[in-house]
Amino acid sequence: MKLDAFVDISSLLDENSTIDDKQQTAELIHKYCTEFGFFYICSDKINWETIQKTFEQAKRYFSISTHEQKEELSMKKHGQHRGYLAVGDENVDDTATVTQVLDVKEGFDIGLDTIHYTTDHEFSRAKNRWPGYMTQEWQHDMKNYFSLLLRIGKALLHGFALALKLPMTHFDQLFTEPLALMRMLHYPALQTYPPNSQDKIYLGAGEHTDYGCITILLQDTNNDGLEIQHNKEWISVPPIEKTLVVNIGDALEVWTNGLYKATTHRVVMKQENITKERYSIPFFFEPNYETKLEKIIDHDSGENYAAQGMQFGDYLSQRLTSTFSYRKVPL
Ligand SMILES: O=C(O)CCC(=O)C(=O)O
Numbered sequence: 003m004k005l006d007a008f009v010d011i012s013s014l015l016d017e018n019s020t021i022d023d024k025q026q027t028a029e030l031i032h033k034y035c036t037e038f039g040f041f042y043i044c045s046d047k048i049n050w051e052t053i054q055k056t057f058e059q060a061k062r063y064f065s066i067s068t069h070e071q072k073e074e075l076s077m078k079k080h081g082q083h084r085g086y087l088a089v090g091d092e093n094v095d096d097t098a099t100v101t102q103v104l105d106v107k108e109g110f111d112i113g114l115d116t117i118h119y120t121t122d123h124e125f126s127r128a129k130n131r132w133p134g135y136m137t138q139e140w141q142h143d144m145k146n147y148f149s150l151l152l153r154i155g156k157a158l159l160h161g162f163a164l165a166l167k168l169p170m171t172h173f174d175q176l177f178t179e180p181l182a183l184m185r186m187l188h189y190p191a192l193q194t195y196p197p198n199s200q201d202k203i204y205l206g207a208g209e210h211t212d213y214g215c216i217t218i219l220l221q222d223t224n225n226d227g228l229e230i231q232h233n234k235e236w237i238s239v240p241p242i243e244k245t246l247v248v249n250i251g252d253a254l255e256v257w258t259n260g261l262y263k264a265t266t267h268r269v270v271m272k273q274e275n276i277t278k279e280r281y282s283i284p285f286f287f288e289p290n291y292e293t294k295l296e297k298i299i300d301h302d303s304g305e306n307y308a309a310q311g312m313q314f315g316d317y318l319s320q321r322l323t324s325t326f327s328y329r330k331v332p333l
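Quick note: the sequence shown uses my numbering, first residue 3, plus one each step.
What follows is the structure, given as structure tokens:
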């Protein structure tokens with residue numbers, strides 16, 4: 003089974019569209035959020051050329067960087083959440099040990115570059131680490147993509163607010179200094195990591211939920227692998243040209259008290275694609291550090307969230323410590 007959930011978000015991107023048009027889009031968002039927690043977005047108001055160019059630039063980074071150049075900018079080396087992560091540095095399924103499941107992916111994280119945060123937290127202070135050997139154009143393209151995704155994320159928040167019957171701008175104040183992160187991901191071909199050797203299971207990314215508000219994902223149209231859990235089955239979310247995939251994270255689940263679920267997902271590396279690499283760019287659109295994780299609508303799911311009452315930044319920090327080896331203090 004494949005995910006069949008598409009939302010044209012043009013009305014949310016267009017300042018001149020009517021509130022009725024926006025509300026119609028919001029109703030579709032509501033439907034797919036309660037059904038799947040995942041949906042594709044499309045719009046002819048999105049600059050797909052910019053998106054395609056960024057994708058090619060991300061591939062260039064992984065193809066031309068040497069091992070030494072990557073390690074020079076690694077999170078391991080600098081202890082901050084920016085720059086390079088090698089295969090094994092992040093294992094998103096923190097219920098499995100690295101001896102059982104290994105995420106076969108490398109990545110590069112970029113955060114907000116322009117805002118001077120007023121808060122005094124670790125993520126806020128972390129500066130981007132730009133590879134000096136890539137061109138200025140490369141850096142410019144990455145920043146451009148970041149800005150574009152911020153705009154799309156903010157427009158989507160209006161849709162989510164309307165979907166939840168809140169004032170359209172309800173979330174705006176929570177995203178003035180967002181802990182947003184863009185991650186270029188490269189999944190090496192599976193043939194380099196034969197499955198089940200030494201009793202390990204190799205996944206592109208293990209089973210997990212995302213931690214924040216929403217994730218907006220650009221996928222590789224040459225290689226699929228993303229799967230989501232739906233009614234106790236895994237269904238695939240194949241890449242489709244001129245679409246992005248949106249999914250809900252833990253923060254939005256807590257805010258909606260379980261009305262919108264952070265859906266478990268994973269990236270499988272299929273045997274038939276054994277020779278193929280895969281690339282993707284998730285954009286984790288997260289609120290300000292101090293945002294409280296507490297119920298904002300009148301819905302009772304009977305869930306009791308451990309994160310309830312925490313500041314979002316503290317929750318994010320806790321989750322990253324569970325999944326990123328550079329953050330674990332050696333025993
Ligand atoms: O690469 C993908 O398609 C998904 C990545 C993902 O799930 C994640 O990084 O949280």
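Heads up, the beta-carbon is just placed ideally off N, CA and C, and yes, glycines get one too.
Among the options, nearest to residue i - alpha-carbon criterion
i: A207; options: E292, I250, G113 and G109; result: G109
i: E37; options: I48, G260 and P190; result: G260
i: E337; options: I48, K156, P284 and R84; result: Examination of residue 337 is not possible in this model, given that the chain is present from 3 through 333 alone.
i: F64; options: L152, M186, M170 and I31; result: M186
i: A165; options: E139, L254 and C44; result: L254
i: I53; options: I250, L151 and A128; result: L151
i: A88; options: F8, D111, D96 and T97; result: D111
i: L205; options: R268, T217, K278 and S238; result: R268
i: H188; options: R62, R84 and G134; result: R62
i: V256; options: N93, T194 and G311; result: G311
i: W132; options: S76, T97 and N275; result: S76
i: G39; options: Q273, E229, D96 and M271; result: E229
i: L318; options: V94, T27 and I21; result: V94
i: V239; options: T211, E17 and Y42; result: Y42
i: I276; options: I237, N233, S45 and G227; result: G227
i: M271; options: Q193, N233, H32 and W140; result: Q193
i: K167; options: T258, L5 and A308; result: T258
i: Y195; options: H210, I250 and K107; result: K107
i: A128; options: D115, I21, L5 and E139; result: D115
i: N146; options: A308, D96, N49 and S45; result: N49
Any non-hydrogen atom of ligand 1 closer than 7 Å to residue i Cβ
i: P289; result: no
i: D96; result: no
i: L219; result: yes
i: R185; result: yes
i: L104; result: no
i: L228; result: yes
i: S282; result: yes
i: H80; result: no
i: V269; result: yes
i: A207; result: yes
i: D252; result: no
i: D22; result: no
i: D91; result: no
i: D2; result: Look at the range of the chain in this structure, 3 to 333, and you will see that residue 2 is not part of it.
Contacts around residue i, its chain only, beta-carbon distance under 8 Å, and the 5 residues preceding and following it disregarded
i: F57; result: L220, D222, Y281 and I283
i: G90; result: V100, L104, D105 and S327
i: P289; result: F173, L176, F177, P180, L181, G214, C215, A253 and F314
i: L333; result: Residue placement at L333 cannot be trusted, given a pLDDT of 44 that sits under 50; what the coordinates show is reported in the next sentence. Closer than 8 Å at Cβ, skipping near neighbours: no residue.
i: Q141; result: W132
Same chain only: Cβ atoms within 6 Å of residue i, ignoring 5 sequence neighbours per side
i: S19; result: S13
i: A163; result: M170, H172 and F173
i: T293; result: L176 and F314
i: T323; result: R329
i: Q273; result: none
i: L30; result: V9
i: A7; result: Y34, F38 and F41
i: G161; result: L14, T27, A28 and I31
i: M3; result: I237
i: E305; result: G260
Anticipated Cβ contact below 8 Å, residue i with residue j, distance rounded
i: G214; j: F148; result: Actually they are not in contact, since the Cβ atoms of G214 and F148 sit about 15 Å apart, beyond 8 Å.
i: E73; j: K79; result: 7 Å
i: G113; j: R84; result: 6 Å
i: Q320; j: T266; result: The pair is not a contact, with the Cβ atoms about 18 Å apart (cut-off 8 Å).
i: T325; j: E92; result: 6 Å
Own chain residues within Cβ distance below 7 Å of residue i, not counting five before or after
i: D143; result: K55, T56 and Q59
i: L158; result: I11, L14, I216 and V248
i: K278; result: A191, N224 and N225
i: D16; result: K47
i: K263; result: G39, I250 and E255
i: N130; result: R84, I112, G113 and D115
Cβ-heavy atom distance, residue i to ligand 2, below 7 Å
i: Q175; result: Looking at this structure, you won't find ligand 2 anywhere; what it does contain is ligand 1.
- Query: When the Cβ atoms of the segment 228–245 are set against those of the segment 300–310, are three or more pairs found closer than 8 Å?
  - Reply: no
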